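Below is one structure, written out as structure tokens; the observations come after it.
Numbering (the working numbering), first residue to last: 54 to 247.
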């Protein structure tokens, strides 16, 4: 179903309607994830809040306040996000992700529309397991990898989002506290698999 909706977006592009729109789209972070990984995703959303992103700047279907509003058609609403906003997709990759058709459709839409993205590998998911439309050569953040590298990648993600969304930089001590709380929380979450 999502494929058909995203095909309509591509058709709009081909017909020129998309190109005639002003390039002043609002920015959003779109978290592409499996609902089975909700515990990890909740911590990622909390970290984005700590960075300074607000509810209207984050799309995350598993977290109340960030998901699809009551009464909306799921696929139309998701297609609208890709069509009407300048998205920065965060792929939260896991075995659960690759077993979800909806996740595969979001990945395909990101690739077709050349949307910017970063990848986050959940505990137990390895670099060699990356497949599909995500570039396996692009540096990813591995949540159960080397802690110093993880801290550096979290810093880089924070700096990227602050620049992209024109946010106020948190103080070094505040950021260090939030970053460490995130790392501690992530390591205590059990991995959910089918």
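Beta carbons are placed, not taken as given, at the ideal position from N, Cα and C, and that holds for glycine. Quantities reported herein were computed from a predicted structural model and do not represent experimental measurements.
{"Item": "Per DSSP, cross-strand counterpart(s) of residue 141", "Value": "82 and 169"}
{"Item": "CA-to-CA distance, residue 241 to residue 215, given in whole angstroms", "Value": "28 Å"}
{"Item": "Beta carbon of residue 138 nearer than 7 Å to that of residue 79", "Value": "yes"}
{"Item": "Boundaries of the alpha helix (DSSP H) in which residue 182 is found, first to last residue", "Value": "Neither: residue 182 is in no alpha helix (DSSP H) and is coded neither H nor E."}
{"Item": "Contact belief for residue 118 with residue 125 at Cβ below 8 Å, rounded distance in angstroms", "Value": "Residue 118 to residue 125, Cβ: 14 Å. No contact."}
{"Item": "Expected contact under 8 Å - CB spacing of residue 210 and residue 196 to nearest Å", "Value": "12 Å between Cβ atoms; not a contact."}
{"Item": "Contact between the segment 183-194 and the segment 224-241 (3+ Cβ pairs under 8 Å)", "Value": "no"}
{"Item": "Test item: CB-CB of residue 87 and residue 158 under 7 Å", "Value": "no"}
{"Item": "Beta-carbon proximity list for residue 140, same chain, < 6 Å, skipping 5 on both sides", "Value": "81, 83 and 168"}
{"Item": "Helix, strand or coil at residue 194 according to DSSP, with G and I counted as helix", "Value": "strand"}
{"Item": "Environment of residue 162 [buried if 16+ CB atoms lie within 10 Å]", "Value": "buried"}
{"Item": "Contacts around residue 227, its chain only, beta-carbon distance under 7 Å, and the 5 residues preceding and following it disregarded", "Value": "none"}
{"Item": "Neighbourhood of residue 243 by C-beta, 7 Å cutoff - its chain only, sequence neighbours within 5 removed", "Value": "none"}
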